[in-house]
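Novice: Numbering (my numbering), first residue to last: 54 to 409.
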Ligand code: UD1
Ligand code: UDP
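1) Please report the Cβ distance between residue 126 and residue 112, rounded to the nearest whole angstrom; I am assuming they are in contact, meaning their Cβ atoms lie under 8 Å.
2) Does the distance between the C-beta of residue 67 and the nearest non-hydrogen atom of the ligand UDP fall short of 7 Å?
3) Pull up the DSSP beta-bridge partners for residue 144, would you.
4) Please indicate yes or no: does the CB of residue 181 lie closer than 7 Å to some heavy atom of the ligand UD1?
5) Run the CB neighbour count on residue 158, radius 10 Å, all protein chains shown included, and call it buried at 16 or more, exposed below.
6) Taking the alpha carbon of residue 191 as the point to measure from, which residue in 230, 219, 143, 317 has its own alpha carbon closest?
7) Does DSSP put residue 241 in a helix, in a strand, or in coil?
8) Flag residue 316 as yes when its Cβ comes closer than 7 Å to any non-hydrogen atom of the ligand UDP, and as no otherwise.
9) Heavy atom of the ligand UDP less than 7 Å from the Cβ of residue 370, yes or no?
10) Between residue 95 and the ligand UD1, is there a pair consisting of the residue's CB and a ligand heavy atom that are separated by less than 7 Å?
11) By Cβ distance below 7 Å, which residues in the same chain neighbour residue 337 in space, the five residues on each side in sequence not counted?
12) Look up residue 187 in the DSSP assignment and say whether it is helix, strand or coil.
13) Rounded to whole angstroms, what is the Cα-Cα separation between residue 151 and residue 223?
14) Please classify residue 108: is it buried, with 16 or more other beta-carbons within 10 angstroms of its beta-carbon, or exposed?
15) Is the separation between the beta-carbon of residue 239 and that of residue 196 shorter than 8 Å?
16) Report whether the distance from the Cβ of residue 319 to the nearest heavy atom of the ligand UDP is below 7 Å.
17) Beta strand (DSSP E) containing residue 331: first to last residue?
18) CA-CA distance, residue 74 and residue 95?
19) Of the choices 293, 135, 60, whose alpha-carbon is the least far from that of residue 89?
20) Judging by CA-CA distance, which residue of 123, 271, 76 is the nearest neighbour of residue 256?
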């Protein structure tokens with residue numbers, strides 16, 4: 054089968070890495086990078102470290118308002134899909150690159166395969182919720198990472214082409230954790246002892262874009278007694294700058310504000326953290342995979358299994374709740390196997406083979 058894959062943002066590079074590797078043993082893949090993420094450490098680094106094939110084309114769309122960014126992607130993708138005539142367009146997750154790809158392909162009557170289908174936060178103020186609901190509605194093959202995701206689709210009446218494959222991020226976590234062990238330790242570089250620090254990430258607009266929420270989060274980091282390693286997403290960095298929070302961080306030694314790191318260094322930082330503070334979808338799961346307690350700075354999550362099992366707690370952007378969780382949150386339950394067996398990518402490649 055000729056598959057045209059569309060990726061553009063950091064988590065999509067990580068998800069595509071294991072899938073692409075296996076897909077190419079069964080099928081022909083044409084890889085499109087929309088250019089949504091473009092900084093060296095938000096894009097190129099992942100292709101190099103994770104052996105993702107060089108994209109056949111980078112559309113170079115870059116940042117912009119939602120309609121502007123999505124619209125530019127669609128205009129470029131339409132021409133490309135018409136020229137390439139793929140049997141199927143494959144999209145990942147819930148970003149603007151996802152909806153641009155799925156909407157363009159479905160209007161051209163090209164079948165759409167959605168990896169990470171069925172996730173729901175039930176919060177329509179999130180751009181991701183809009184992107185994923187619409188993409189699921191117009192996809193022909195829907196690869197669900199969890200039973201919860203599978204059930205969401207059934208409840209919405211989406212039953213055709215739905216497959217419970219497990220989570221390709223778990224495949225990536227298993228495969229690259231081994232490689233991360235052989236990489237020079239980022240802990241040495243940062244002068245950190247294992248289990249002596251917390252790891253933080255933050256990039257959701259509901260946290261970063263508003264002075265009140267971002268200030269509350271940073272105030273909690275500053276007031277806690279812990280060393281906090283904070284690889285800042287460019288979105289967070291630019292709003293911390295706008296709201297005068299970078300100076301406050303610089304005035305404390307406890308917060309190690311660093312540039313975004315590559316995936317292998319991120320795995321090292323995650324595995325050795327005492328706890329993880331995050332609003333990221335991927336990082337919440339990785340905390341669970343590596344059995345690190347997770348404090349999620351959101352009012353809800355799509356990864357409800359991690360909450361049910363007691364390894365993740367929701368604190369929103371409430372300073373006191375964040376501080377309480379830093380001091381007191383401690384999982385006391387066993388984990389279960391919610392994310393598959395590490396062979397989700399293979400299942401996806403096989404299913405695509407069956408519909409050929
Ligand atoms: C996007 C996704 C989000 C995903 C996240 C992963 C959408 C609507 N959002 O959010 O679902 O969780 O990626 O990281 O698709 N920027 C840079 N350099 C870059 C990329 C971004 O400086 O390489 C800055 C720009 O100022 C840009 C801002 O970050 O305006 C936001 O980037 P954008 O891709 O629009 O959204 P993310 O917040 O990254
Ligand atoms: N990640 C990384 N370096 C960083 C921060 C995150 O490699 O500095 C990885 C992280 O391990 C996870 C993925 O990026 O696999 C999550 O991406 P992000 O938080 O940007 O998006 P989300 O998962 O929320 O969509």
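Yeah, the Cβ is synthetic: ideal placement off N, Cα and C, and Gly gets one too.
Specialist: Looking at the coordinates:
1) 7 Å
2) yes
3) 59, 167
4) yes
5) buried
6) Comparing Cα positions, the closest option is 143.
7) helix
8) For the ligand UDP, at least one heavy atom lies less than 7 Å from the Cβ of residue 316.
9) no
10) Of the heavy atoms belonging to the ligand UD1, at least one sits nearer than 7 Å to the Cβ of residue 95.
11) 331, 347, 349, 354, 356, 359, 365
12) helix
13) The straight-line gap separating the alpha-carbon atoms of residue 151 and residue 223 is approximately 20 Å.
14) buried
15) no
16) Residue 319: yes, Cβ under 7 Å from the ligand UDP.
17) Residue 331 -> beta strand (DSSP E) spans 328 to 331.
18) 20 Å
19) 60
20) 271
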